[in-house]
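K.L.:
The structure follows.
There are 2 protein chains.
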Amino acid sequence: MIVNNSLDEIKKRENALSFISKIIEDNGRNFLYDLTGLSGGFIASNEDLNLLETYIGPAVIEQELQSVGLEHLGGQKVLPVNRTSSGILATILALVEKDSYVVHFLSKLPAHPSIPRSCNLINANYLEFDNFDEFYIPENTSLVIITGSTMDHQVIDETIFKKVIQHAHSRDIPVFVDDASGARVRTVIYNQPKAIDLGADLVITSTDKLMPGPRGGLMSGDEDLINKIKVKANQFGLEAQSPTCLAMVNGLKNFTEDNLKNGFLRKEELFNLLKDDFILFEESSTSVMISPENLKKQLKVNSSSKDLAYALSMILLKDSGIITIPAVSMPSASATIRFDLSANDAFNLDLKDLHKNIVSAISKLSKIANDEDRLKEIIFN
Amino acid sequence: MIVNNSLDEIKKRENALSFISKIIEDNGRNFLYDLTGLSGGFIASNEDLNLLETYIGPAVIEQELQSVGLEHLGGQKVLPVNRTSSGILATILALVEKDSYVVHFLSKLPAHPSIPRSCNLINANYLEFDNFDEFYIPENTSLVIITGSTMDHQVIDETIFKKVIQHAHSRDIPVFVDDASGARVRTVIYNQPKAIDLGADLVITSTDKLMPGPRGGLMSGDEDLINKIKVKANQFGLEAQSPTCLAMVNGLKNFTEDNLKNGFLRKEELFNLLKDDFILFEESSTSVMISPENLKKQLKVNSSSKDLAYALSMILLKDSGIITIPAVSMPSASATIRFDLSANDAFNLDLKDLHKNIVSAISKLSKIANDEDRLKEIIFN
Chain U
1 MIVNNSLDEI KKRENALSFI SKIIEDNGRN FLYDLTGLSG GFIASNEDLN LLETYIGPAV
61 IEQELQSVGL EHLGGQKVLP VNRTSSGILA TILALVEKDS YVVHFLSKLP AHPSIPRSCN
121 LINANYLEFD NFDEFYIPEN TSLVIITGST MDHQVIDETI FKKVIQHAHS RDIPVFVDDA
181 SGARVRTVIY NQPKAIDLGA DLVITSTDKL MPGPRGGLMS GDEDLINKIK VKANQFGLEA
241 QSPTCLAMVN GLKNFTEDNL KNGFLRKEEL FNLLKDDFIL FEESSTSVMI SPENLKKQLK
301 VNSSSKDLAY ALSMILLKDS GIITIPAVSM PSASATIRFD LSANDAFNLD LKDLHKNIVS
361 AISKLSKIAN DEDRLKEIIF N
Chain Y
1001 MIVNNSLDEI KKRENALSFI SKIIEDNGRN FLYDLTGLSG GFIASNEDLN LLETYIGPAV
1061 IEQELQSVGL EHLGGQKVLP VNRTSSGILA TILALVEKDS YVVHFLSKLP AHPSIPRSCN
1121 LINANYLEFD NFDEFYIPEN TSLVIITGST MDHQVIDETI FKKVIQHAHS RDIPVFVDDA
1181 SGARVRTVIY NQPKAIDLGA DLVITSTDKL MPGPRGGLMS GDEDLINKIK VKANQFGLEA
1241 QSPTCLAMVN GLKNFTEDNL KNGFLRKEEL FNLLKDDFIL FEESSTSVMI SPENLKKQLK
1301 VNSSSKDLAY ALSMILLKDS GIITIPAVSM PSASATIRFD LSANDAFNLD LKDLHKNIVS
1361 AISKLSKIAN DEDRLKEIIF N
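Protein chains in written order, with my numbering: chain U, 1 to 381; chain Y, 1001 to 1381.
Pasting the structure below:
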């Protein structure tokens, strides 16, 4: 196995970032196609920028963020955090007791690692379910978490969503929804209500996922709970800073449902092109994707499935300037190769060209898929 | 006691921020004087802003930050973090074992709360000293921390600085320097070397303190240690995001020693004006300040010293638009009223006017200092 731990993952990410940097320097930004669906944005006027001073910026910006944030998420009060992961940490620090249980339901395992990791940090017990028939809430549970849409954009069934909330509330346990991409995928593509309108006490979304905002997390919900979480966030430096808050305001104001809806249609088109070549590609709301396990099956080799995904992601970057998550991700993110057709850059790509580039990258990978040295070279150099 | 816990502190901060917001709306930014010394800045050209996309921005910006950051701090590799507090948390998560000791030396207690709090989170033992004669490093110590300059800008003696490092290194224990403002105060005003040049393994500075950068923390030091800390930072969402990194690059490029040196001279001038009225004012490198305890002595009342400081800070804000830390600070920050003469806004103030405003605010406070209802109204409304 080549990428074996978090340090290797950081090394892989740094290699990809320096390659991206080189492409921008040598050829320009137009030679890159960020199809992660995470490319967000940073929209700010010069007037906006003048506000960005430590104690003056927040005063003006946080007030505006309250109003646009509540409109997007519902709830009584919003709390902007540095990342969705740091918001999850702050929530668990604020609401979960040592030795108590955190119960997590999501449509498909694995869970985002930040949830079990934060539980582990404070010595709480963590239980996770992706089958509602097996779902239960033990005695001494502090918090129930629901993931609205997984890292690979698998969306939870609305009926189950409501049932999990009912179970928790019948026991007076607060419900926190990790709606990273779900706050938009669920509502726009699947016509589901906002998490808060389904009865959740707290929700968090990633402001760079499927909307033109900055990397960061935006929470909302019950005011008393938000205030408790805010204390922990401020104590440990987990809150979002003013520049991020400013870009959240403008990202939310500029969010339209059209990109998601068009992405959904173009996704269908690309999926139809690809499925003749590779039967193991799957589709989600606005993406076509292949999991590391399916990639390994497709290539019929013995190498680690994740290493194959990292290598494919790097080949796509180096040969075609296509950015997918595995090359550039933070430790423990999903290694699924996902092409998000709702990303801004996706609209600049001819789908037939994209199809050709994907076929050619997989063909290149297949030739070296059993050669650990060659894979290593592609991932780290 | 009026401000009694972290929730009260958040409420007080929110009240101050909404007051600041109102002043900007009604009168404009020029009616505010941010003398916190934390007002930083956010310098960015339009070209810079185009870079700020999730996976493309970091590639270019982080490379530039490496070079300007290493120049400012020394060391082998820099790591930008969301706040100095989150960098301290990441460091303790990465380097400190449960049940082991963290030993902290600073020129004057109290320590910044983020250090004991992070130790407490992982069940490490925390020892702190501000007298070198009492200083010792117990068995099973994971990390020695030195604060270069305290929250109130008290600077450590260079000889003691070196001795603490020697002690730690003779036992093979890494030394981490919290040089939040110290990286500049110590070097520019006190002519001390950089922490890394004094032998420290790691250093962190706050990029909004005494330089025109964004709220955030910048770490540097030994590459292997930084890599370990980076893993924890990325796992829990503690790292700085691209907009902050961009503003760090530009803040460092625009940092000059002149503001600090001029601030030092003007501080002398203000101190000479104030000391005739109030003998309990003190001076630090670029600031004139009064501690909550001395404020209480000055006013000869029984109210909580911190409440008096919060009220004075609010009076200064409401009557004169002067922003000091106690009104707007995060939970557990120092409640010392400090006027930083190296702040940008300080150069727009006539020192005689500033002197008059301070005298009048203290006189106003003295009239209500025993009336808890009035103090409460000033702090929270």
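Note that beta-carbon positions come from the ideal geometry of N, C-alpha and C, so glycine has one too.
Between the Cα of D953(Y) and the Cα atoms of V1060(Y), I1165(Y), L1038(Y) and R1374(Y), which residue gives the shortest distance?
P.N.:
Past the boundaries of the shown model lies residue 953(Y); chain Y is included only from 1001 to 1381, so the question cannot be answered.
K.L.:
Of all the CB atoms in chain Y, is at least one closer than 9 Å to the CB of M419(U)?
P.N.:
This structure does not reach residue 419(U), given that chain U is present from 1 up to 381, and the question cannot be answered.
K.L.:
Per DSSP, what kind of secondary structure is T91(U) in: helix, strand or coil?
P.N.:
Along the first sequence, read from residue 1 onward, the residue named residue 91(U) stands at position 91. Helix.
K.L.:
Let me make sure I understand the geometry here. Which of Y1310(Y), A1180(Y) and V1188(Y) has the alpha-carbon closest to that of S1114(Y)?
P.N.:
Reading the second sequence from its first residue, position 114 is the one you call residue 1114(Y). Residue A1180(Y) is the option with its Cα nearest to S1114(Y).
K.L.:
Quick one: what's got a C-beta closer than 6 Å to K1376(Y)'s C-beta in the same chain, skipping five residues either side?
P.N.:
Within the second sequence, residue 1376(Y) is the residue found at index 376, counting from 1. If we look at K1376(Y) and ignore the five residues flanking it on each side, its Cβ neighbours are I1002.
K.L.:
From F347(U), L365(U) and I323(U), pick the residue whose C-alpha is nearest to that of D34(U); which is it?
P.N.:
Translated into positions along the first sequence, residue 34(U) becomes position 34. Considering only alpha carbons, the answer is I323(U).
K.L.:
Going by CA-CA distance only, name the one from A1094(Y), P1058(Y) and R1083(Y) that's closest to L7(U).
P.N.:
Along the first sequence, read from residue 1 onward, the residue named residue 7(U) stands at position 7. When only C-alpha atoms are compared, the closest one is A1094(Y).
K.L.:
Would the region 1339-1350 of chain Y count as touching the region 1281-1299 of chain Y if we require 3 or more Cβ pairs under 8 Å?
P.N.:
Contact between the region 1339-1350 of chain Y and the region 1281-1299 of chain Y is present, because at least three Cβ pairs lie under 8 Å.
K.L.:
Cβ atoms of V1102(Y) and L1143(Y): under 9 Å apart, would you say?
P.N.:
Position 143 of the second sequence holds residue 1143(Y). Position 102 of the second sequence holds residue 1102(Y). Cβ distance < 9 Å, so L1143(Y) and V1102(Y) count as in contact.
K.L.:
Let me confirm a value: Q166(U) is counted as buried when at least 16 other C-beta atoms fall within 10 Å, else exposed. Which label applies?
P.N.:
Here the question's residue 166(U) lines up with position 166 in the first sequence. Exposed, since its Cβ has fewer than 16 Cβ neighbours within 10 Å.
K.L.:
Would you say K1230(Y) lies against chain U (beta-carbon separation less than 9 Å)?
P.N.:
Along the second sequence, read from residue 1 onward, the residue named residue 1230(Y) stands at position 230. So, interface residue.
K.L.:
To which residues of the same chain is K230(U) closer than 6 Å at the C-beta, ignoring the five residues directly before and after it?
P.N.:
If you number the first sequence from 1, residue 230(U) lands on position 230. Excluding positions up to five away in sequence, the list reads L79.
K.L.:
When DSSP builds the beta bridges, which residues end up paired with L1265(Y)?
P.N.:
For this step, residue 1265(Y) is matched to residue 265 along the second sequence. BP columns for L1265(Y) are empty, so no partner.
K.L.:
Looking at chain C, is there any beta carbon in it that lies within less than 9 Å of the beta carbon of L1198(Y)?
P.N.:
The question asks about chain C, but that chain is absent: this structure's protein chains are U and Y.
K.L.:
Name the one or two DSSP bridge partners that G1221(Y) has.
P.N.:
Mapped onto the second sequence, residue 1221(Y) falls at position 221. DSSP, once it has assigned bridges, lists K1077(Y) and L1202(Y) as partnering G1221(Y).
K.L.:
Specify the secondary structure class of S118(U) as computed by DSSP and reduced to three states.
P.N.:
On the first sequence, position 118 is the one that residue 118(U) refers to. Three-state DSSP puts S118(U) in a helix.
K.L.:
Anything in chain U within Cβ reach of S1021(Y), meaning under 7 Å, just list it in chain order.
P.N.:
Along the second sequence, read from residue 1 onward, the residue named residue 1021(Y) stands at position 21. Per Cβ cutoff of 7 Å: A59, V60 and Q63.
K.L.:
Does any CB atom of chain Y fall closer than 9 Å to the CB of I145(U)?
P.N.:
Residue 145(U) sits at position 145 when you count from the first residue of the first sequence. Chain Y, which has no Cβ nearer than 9 Å to the Cβ of I145(U), makes this no.
K.L.:
Span of the alpha helix (DSSP H) holding E1158(Y)?
P.N.:
Along the second sequence, one-based indexing puts residue 1158(Y) at 158. Segment E1158 to S1170, the alpha helix (DSSP H) holding E1158(Y).
K.L.:
Which of the three DSSP states is assigned to R273(U) in this structure?
P.N.:
Working through the first sequence from its first residue, we reach residue 273(U) at position 273. In the sequence under discussion, the amino acid at residue 273(U) is Leu, which differs from the Arg named in the question. Looking at L273(U) - three-state DSSP - the assignment turns out to be helix.
K.L.:
Per DSSP, what are the beta-bridge partners of P146(U) in this structure?
P.N.:
The sequence position of residue 146(U) within the first sequence is 146, counting from 1. Note that residue 146(U) is Ile in the sequence shown, not Pro. I146(U) pairs with F105(U) and V177(U).
K.L.:
Alpha carbons only, please: which of N344(U), N294(U) and C245(U) is nearest the one belonging to N82(U)?
P.N.:
Along the first sequence, read from residue 1 onward, the residue named residue 82(U) stands at position 82. When only C-alpha atoms are compared, the closest one is C245(U).
K.L.:
Helix, strand or coil for V301(U)? Go by DSSP, reduced to three states.
P.N.:
By one-based count along the first sequence, residue 301(U) stands at place 301. Coil.
K.L.:
Look at L1299(Y) and A1361(Y) and say whether their C-beta atoms are less than 9 Å apart.
P.N.:
As a position in the second sequence, residue 1299(Y) is number 299, starting the count at 1. As a position in the second sequence, residue 1361(Y) is number 361, starting the count at 1. No; because the gap between Cβ atoms is not below 9 Å, this pair is not in contact.
K.L.:
Among the candidates G237(U), L270(U), L280(U) and F19(U), whose CA atom is the shortest distance from the CA of L351(U)?
P.N.:
Here the question's residue 351(U) lines up with position 351 in the first sequence. Ranking G237(U), L270(U), L280(U) and F19(U) by Cα distance to L351(U) puts L270(U) first.
K.L.:
Of the residues K108(U), M151(U) and S100(U), which one's Cα is nearest the Cα of K209(U)?
P.N.:
By 1-based counting over the first sequence, the position of residue 209(U) is 209. Looking at the Cα atoms, M151(U) is the closest of the given residues.
K.L.:
Taking the beta carbon of R215(U) as the centre, do at least 16 other beta carbons fall within 10 Å, making it buried, or is it exposed?
P.N.:
Counting from one through the first sequence, the residue named residue 215(U) turns up at place 215. Buried is the call here.
K.L.:
Is there a Cβ from chain Y that is less than 9 Å from the Cβ of F31(U)?
P.N.:
To locate residue 31(U), count along the first sequence from 1; it is residue 31. Not one chain Y Cβ lies under 9 Å of F31(U).
K.L.:
Could you please tell me which residues of the region 1233-1257 of chain Y, in chain order, have their CB closer than 9 Å to any CB of chain U?
P.N.:
So the close ones are N1234, Q1235, F1236, G1237, L1238, E1239, A1240, Q1241, S1242, P1243, T1244, L1246 and A1247.
K.L.:
Is it true that the CB of G69(U) sits closer than 9 Å to the CB of P243(U)?
P.N.:
Sequence index remark: in the first sequence, residue 243(U) carries index 243 (1-based). Sequence index remark: in the first sequence, residue 69(U) carries index 69 (1-based). In this structure, G69(U) does not lie closer than 9 Å to P243(U) by Cβ.
K.L.:
Is it right to say P1138(Y) is buried, meaning 16 or more other beta carbons lie within 10 angstroms of its own, or is it exposed?
P.N.:
For the purposes of this step, residue 1138(Y) is taken as residue 138 along the second sequence, with counting starting at 1. Per the 10 Å Cβ criterion, exposed.
K.L.:
Need the endpoints of the beta strand (DSSP E) that F1339(Y) sits in, please.
P.N.:
In the second sequence, counting from the first residue as 1, residue 1339(Y) sits at position 339. Its beta strand (DSSP E) spans residues I1337 to D1340.
K.L.:
Look up N1125(Y) in the DSSP assignment and give the residues it is bridged to.
P.N.:
For the purposes of this step, residue 1125(Y) is taken as residue 125 along the second sequence, with counting starting at 1. Partner(s): Y1101(Y).
K.L.:
Identify, in the order they occur along the chain, each residue of the same chain with its Cβ nearer than 7 Å to the Cβ of F1042(Y), setting aside the five sequence neighbours on each side.
P.N.:
Numbered from 1 along the second sequence, position 42 holds the residue referred to as residue 1042(Y). Cβ neighbours of F1042(Y) beyond the five flanking positions: P1214 and A1247.
K.L.:
In chain U, which residues lie with their C-beta within 7 Å of the C-beta of G1028(Y)?
P.N.:
Numbered from its first residue, the second sequence carries residue 1028(Y) at position 28. Going along chain U, no residue has its Cβ under 7 Å from G1028(Y), so there is no contact; the nearest lies around 11 Å.
K.L.:
Run down chain Y in chain order and give the residues with a C-beta less than 9 Å from the C-beta of S86(U).
P.N.:
Position 86 of the first sequence, counted from the start, is the residue given in the question as residue 86(U). N1082, S1086, F1236, G1237 and L1238, listed in chain order.
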